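I have placed the structure first, in the form of structure tokens, so that the comments after it can refer back to it.
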Amino acid sequence: DAGITQSPRYKITETGRQVTLMCHQTWSHSYMFWYRQDLGHGLRLIYYSAAADITDKGEVPDGYVVSRSKTENFPLTLESATRSQTSVYFCASSEPGVNEQFFGPGTRLTVL
Amino acid sequence: RKEVEQDPGPFNVPEGATVAFNCTYSNSASQSFFWYRQDCRKEPKLLMSVYSSGNEDGRFTAQLNRASQYISLLIRDSKLSDSATYLCVVTYTGDMRFGAGTRLTVKP
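Sequences listed follow chains X and W, in order. As numbered in the numbering used here, residues 233 to 344 make up the first sequence, in order. As numbered in the numbering used here, residues 2 to 109 make up the second sequence, in order.
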């Protein structure tokens with residue numbers, strides 16, 4: 233099906249483990265984004281990518297790594313998970329010059 | 002101070018009521034403004050853009066006051082299906098900043 237998908241939808245991990253959250257879009261949108269959503273903070277941008285092999289930091293990048301070797305995929309890696317990274321993570325995509333972002337269904341990550 | 006501030010609510014209103022949400026933003030150079038809707042445990046979706054001239058989409062009216070750095074959303078004749086969290090979004094040089102959201106519950 234066309235759209236933007238995220239996997240896994242739910243993940244429980246332990247402090248110090250590496251975790252990778254996947255994001256895949258079928259629209260060939262140039263821009264892709266990773267946000268985290270926490271109570272009282274709204275959505276905060278972690279990293280974004282303007283095109284394959286081009287990534288840049290957002291508002292809260294510390295502790296996260298991204299890559300974008302293909303236009304359709306934008307994985308987010310927590311290299312050594314901490315409890316403060318327990319959150320709901322949303323991936324989004326958009327076209328340049330178009331302000332609307334399309335969001336994936338989210339990944340609920342719990343770090344114990 | 003947060004860049005985009007909203008009253009978190011919750012707003013509990015009966016069906017048919019009119020309800021208004023406000024949002025303030027701190028960056029006077031902000032360029033574009035939106036309202037997104039987020040249902041419980043779902044992803045945000047664009048509800049409508051906000052223009053200085055105001056815009057209306059059915060029962061929804063959005064207004065922007067650049068001088069006061071203030072955005073509003075008015076919902077008339079509330080439906081049960083309007084129950085959701087409404088996110089105010091402001092962009093600056095393509096960077097989107099989201100408010101924490103205002104939760105609305107419409108009751109029968």
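By construction, the Cβ of each residue, glycine as well, lies at the ideal position given by its N, Cα and C atoms. Fair warning: this is a prediction, and the values are worked out from it, not measured in the lab.
If you keep only unbroken beta strand (DSSP E) runs of at least 3 residues inside the region 20–54 of chain W, you get 20–26, 33–39 and 45–51.
Bridge pairing for X/His256: X/Thr237 and X/Asn305 [DSSP]. Annotated as proximal: W/Val5 and W/Gly100, with beta-carbon spacing under 8 Å. Straight across, the Cα-Cα distance linking W/Tyr26 with W/Leu105 is about 21 Å. For X/Thr245, the enclosing beta strand (DSSP E) has its first and last residue at Tyr242 to Thr245. Looking at W/Arg38, W/Lys3, W/Asn66 and W/Ser54, the one whose alpha-carbon comes closest to that of W/Ser82 is W/Arg38. Residues of the region 44–55 of chain W with a C-beta less than 8 Å from any C-beta of chain X: Glu44, Pro45, Lys46, Leu47 and Ser50, listed in chain order.
Counting along the chain, X/Pro328 sits inside no beta strand (DSSP E), nor does DSSP assign it H or E at all. In the three-state DSSP reduction, W/Gln7 falls in the strand class (E or B). Around X/Val298, the same chain offers Tyr279, Thr287 and Leu308 as residues with beta carbons nearer than 6 Å, after the five sequence neighbours per side are excluded.
In the structure shown, X/Leu271 adopts coil according to DSSP, grouped into three states. Straight-line spacing of the CA atoms in X/Gly338 and W/Glu44 works out to 7 Å. DSSP links X/Ala283 through a beta bridge to X/Ile286. Annotation for X/Glu311: no beta strand (DSSP E) segment contains it, and DSSP assigns it neither H nor E.
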